[in-house]
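Novice: Position 261, counted from 1, in the sequence shown is what my numbering calls 322; the numbers after and before it change by one each time, with no gaps.
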Amino acid sequence: MTTDRSHEIPYFSEAESAEVVASRTAPDADARLAKVYAALVRHLHAFIKEVEPTQDEWTRGIEFLTETGHMSNDWRQEFILLSDTLGVSMLVDAINNRKPTGATESTVLGPFHVAGVPEYENGGNICLDGKGEPLVMSGTVTDPDGTPIAGAKLDIWTANDEGFYDVQQKDVQPEHNLRGIFTTDENGHYWLRAIKPRWYPVPDDGPVGKLIRALGRHPNRPAHIHIIAAAEGHESVTTHVFDPDCPWIHSDAVFGVKESLLGDFKHVDDAARAAELGVANPFWEVVYDVVLTRA
Ligand code: BEZ
Ligand code: FE
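(1) Taking Val-169 and Met-151 to be in contact with their CB atoms under 8 Å, please state how far apart those CB atoms are, rounded to whole angstroms.
(2) Quick check: what's the CA-CA separation for Val-82 versus Asn-134?
(3) State the start and end residues of the unbroken alpha helix (DSSP H) segment that holds His-328.
(4) What are the start and end residues of each continuous beta strand (DSSP E) run of 3 or more residues lying completely inside the segment 269-314, in chain order?
(5) Please determine whether the Cβ atom of Ala-220 lies at a distance below 7 Å from any heavy atom of the ligand FE.
(6) Can you give me the Cβ contacts of His-279 inside the same chain, cut-off strictly under 8 Å, excluding the 5 residues immediately before and after it?
(7) Tell me whether Lys-21 is buried or exposed, calling it buried when 16 or more other Cβ atoms sit within 10 Å of its Cβ.
(8) Might you give, ordered along the chain, the residues of its own chain that have their beta carbon closer than 8 Å to the beta carbon of Gly-185, omitting 5 neighbours on each side?
(9) Which residues bound the beta strand (DSSP E) around Leu-240?
(10) Would you give the residue range spanned by the alpha helix (DSSP H) that Gly-122 belongs to?
(11) Would you kindly work out how many angstroms separate the C-alpha atoms of Pro-264 and Gly-148, rounded to a whole number?
(12) Between the C-alpha atoms of Leu-322 and Asp-190, what's the straight-line distance to the nearest angstrom?
(13) Mark Asp-89 as exposed unless 16 or more other C-beta atoms lie within 10 angstroms of its C-beta, in which case mark it buried.
(14) Distance, Cα to Cα, Ser-78 vs Trp-136?
(15) Can you have a look at Leu-126 and say buried or exposed, based on whether 16 or more other CB atoms are within 10 angstroms of its CB?
(16) In chain order, what residues of the same chain lie with their CB nearer than 8 Å to the CB of Leu-239, ignoring the 5 residues before and after it?
(17) Can you tell me whether Thr-162 is buried or exposed? The criterion is at least 16 other CB atoms within 10 Å of its CB, across all chains shown.
(18) Report the residue from Glu-118, Ala-341 and His-174 whose alpha carbon sits nearest the alpha carbon of His-237.
(19) Where Glu-124 and Glu-296 are concerned, what is the direct C-alpha to C-alpha distance, given to the nearest angstrom?
(20) Are the CB atoms of Met-198 and Val-318 nearer to each other than 8 Å?
(21) Is His-279 near the ligand FE, with its Cβ less than 7 Å from a heavy atom?
(22) Can you give me the C-alpha to C-alpha distance between Leu-210 and Asp-350, rounded to a whole angstrom?
(23) Is His-287 near the ligand FE - that is, is its Cβ less than 7 Å away from at least one heavy atom of it?
(24) Looking at Ala-356: is its Cβ nearer than 8 Å to the Cβ of Asn-342?
(25) Taking buried to mean at least 16 other C-beta atoms within 10 Å of its own C-beta, is Ser-84 buried or exposed?
Shown next as structure tokens:
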């Protein structure tokens, strides 16, 4: 006697591959996990059906992911770099930071943020080794209606004039070089002294660097200063101010540039103002206002 199994999900087949795999998930599995897994399987199987990899190509893909894992450790995250260079980090950021028009837009955090850095008075100089072209950065933090926000915190970090963060050059740069936290005054105003940012390559000595070069891409990020702006009762924003004159501004390796994040970096040659601000003449100046939405 044969048993009728026609009502059951069939064995694996090319035609129904994704459905067969997704149907194995137990009915009592976490609903969100089941949904995410089913979508992953559906898109991954569709990708394979489109690409039709040879067995060797599939093995090469597995090797690439293995190398990506081996390259990662406590301070080097090659999978985040993969996500960044695929544009996925910016897509996740966009989905999670939909802002009303006028609010400061977000961009990637990147791997070089450090928590617990020194807090400075307004006007403080975060350049601890005196290297680079001086820059004065200032601005106002406001609500979308223009009301200044007093006591907002701005966590700022940037690379040195050779394109390295302090954490990448522990024996070369002083600890916390070019990073610090500033607080807006009663008028929502902040200002600080730093250096003009320089472009730099994302770490490109691993499998992700090899991949983007094979695609004819470069690993460079256009010159930028990182900012996390936060104020009580408001949504914080993780963003950058970019130098629009940087040669890589239209081809950021991690797709972080947005029109609204381009700063106006002015070259100032004015000895009296330089003396007043406590910087060498000539210097650079950028005014960067931040608009935070209410929480
Ligand atoms: C950064 O801007 O610090 C950064 C962002 C993504 C990848 C690497 C670096
Ligand atoms: Fe950066």
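Just so it is clear, CB atoms sit at the ideal spot from N, CA and C, and this is done for glycine as well.
Specialist: Let's see:
(1) Between Val-169 and Met-151 a beta carbon distance of about 6 Å is seen, short of the 8 Å cut, so the two are scored as contacting.
(2) Answer to the nearest angstrom: the Cα atoms are 32 Å apart.
(3) The continuous stretches of alpha helix (DSSP H) do not include His-328, which lies in the beta strand (DSSP E) extending over residues 327-329.
(4) Runs found: 285-291 and 298-303.
(5) Checking every heavy atom of the ligand FE against the Cβ of Ala-220, one is found closer than 7 Å.
(6) Hits under 8 Å: Pro-262, Ile-273, Trp-309, Ser-312 and Ala-314.
(7) An answer regarding residue 21 cannot be provided, because it is not within the stretch 62 to 356 covered by the chain.
(8) Same-chain partners within the cutoff: Gly-241, Phe-243, Leu-253 and Arg-254.
(9) It should be pointed out that residue 240 corresponds to Arg in this sequence rather than to Leu. From DSSP, the beta strand (DSSP E) with Arg-240 extends over 240-244.
(10) It spans 116-132 - the alpha helix (DSSP H) in which Gly-122 sits, taken as one unbroken run.
(11) Going from the Cα of Pro-264 to the Cα of Gly-148 covers about 16 Å.
(12) Rounded to whole angstroms, Leu-322 to Asp-190 spans 28 Å at the Cα level.
(13) Per the 10 Å Cβ criterion, exposed.
(14) Going from the Cα of Ser-78 to the Cα of Trp-136 covers about 39 Å.
(15) Exposed.
(16) Within the same chain, Cβ atoms closer than 8 Å to the Cβ of Leu-239 are found at Ile-187, Cys-188, Leu-189, Trp-218, Thr-219, Ala-220, Asn-221, Tyr-226, Asp-227, Ala-255 and Ile-256, the five residues on either side in sequence being excluded.
(17) So Thr-162 counts as exposed.
(18) Of Glu-118, Ala-341 and His-174, the residue nearest in Cα terms is His-174.
(19) Answer to the nearest angstrom: the Cα atoms are 41 Å apart.
(20) Contact check for Met-198 against Val-318 fails: the beta carbons are separated by 8 Å or more.
(21) Answer for His-279: no, Cβ out of range of the ligand FE.
(22) In the sequence on display, residue 210 carries Ile and not Leu. Near 11 Å, if we compare the C-alpha coordinates of Asp-350 and Ile-210.
(23) His-287 Cβ: within cutoff of the ligand FE.
(24) In this structure, Ala-356 sits away from Asn-342, with a CB-CB distance that is not shorter than 8 Å.
(25) Around the beta carbon of Ser-84, a 10 Å sphere encloses fewer than 16 other beta carbons of the protein chains shown; the residue is thus reported as exposed.
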